Structure formats: C-alpha cells, structure tokens
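Numbering (my numbering), first residue to last: 2 to 131.
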C-alpha cells in the first residue's frame with residue numbers, strides 16, 4: 002500500500018504579484034524551488050493564509066534570488082500582493098520508505114529570501130502495522 006504524505010513545503014512566503022493575464026500556474030523563485038526539491042511543472046497545493054483560499058496548480062521557476070512568488074491566470078483571483086502563502090508538494094510512500102521519511106520545510110523572510118531548510122525529524126511519528 003502506498004500512502005500520500007507531505008513531501009516538502011515553502012512556509013509563509015509572501016505573494017509578490019497576482020497576474021490575471023498569464024496562462025496559469027504559480028511562479029516561484031528558483032532558489033526556493035531548489036531548496037524545497039520542487040521541480041518546474043510539478044503539482045503544488047497553494048494555501049493562502051490571508052484569505053483561506055486553496056488551489057492546486059503547477060510550479061514555474063522564476064529567476065533565482067528574485068523573491069518572486071506570483072499567482073498567474075485564474076489563480077490570480079485567489080490572492081493579492083502581500084498575502085501569506087504556504088506551498089506544498091506530496092509524495093507517495095511505501096511502508097518501507099516511511100521508516101526513514103521526514104518532510105522538508107523551507108522557511109523564508111518577508112522578502113521571500115531563504116532563511117532555513119528543515120527536515121522535521123520528529124514532526125512525524127509513523128507506526129507501521131502489518
């Protein structure tokens with residue numbers, strides 16, 4: 002049996018732009034994508050802490066060290082510049098992989114500059130039963 006668990010997240014980043022006239026997705030500073038292990042075009046869930054909106058889209062790499070986090074296309078209606086977001090990816094894990102599994106969390110400052118990358122070793126206690 003496979004289980005879906007949090008793989009990585011960029012926690013409490015700031016929305017820098019909402020661009021309705023773009024094809025779609027969310028643009029994210031390449032430095033943050035790399036730190037979180039999120040690939041361009043990978044599916045992400047975006048939670049807007051400021052207004053409660055949630056959406057699923059895919060990530061596009063914005064220039065490294067730009068601080069850019071931009072909702073594009075229809076998703077732009079779900080946030081305003083300055084909103085706080087959490088961006089998450091999920092992975093499928095086998096019971097064997099769960100024995101050493103820990104999600105990766107990227108922390109940023111108010112300008113979306115990388116401040117810390119954590120592996121929550123004690124965040125998740127997984128009890129495997131047969």
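Yeah, the Cβ is synthetic: ideal placement off N, Cα and C, and Gly gets one too. None of the values given here were measured: they were computed from a predicted structure.
- With contacts defined as CB atoms closer than 9 Å, residue 19 and residue 55 fail to qualify as a contacting pair.
- Residue 18 sits in a strand when the DSSP states are folded into three classes.
- Below 8 Å, enough C-beta pairs join the segment 110-124 and the segment 6-22 to call them touching: three or more.
- If you draw a straight line from the Cα of residue 40 to the Cα of residue 33, it is about 11 Å long.
- Inter-segment contact for the segment 87-97 and the segment 2-14 is present: three or more beta-carbon pairs are separated by less than 8 Å.
- DSSP, reduced to helix, strand and coil, places residue 30 within a strand of the structure shown.
- In the DSSP assignment, residue 79 falls outside any beta strand (DSSP E), carrying neither H nor E.
- Residue 37 sits buried, since 16 or more C-beta atoms from the chains shown fall within 10 Å of its C-beta.
- In terms of Cα proximity to residue 4, the closest of 96, 120 and 119 is 96.
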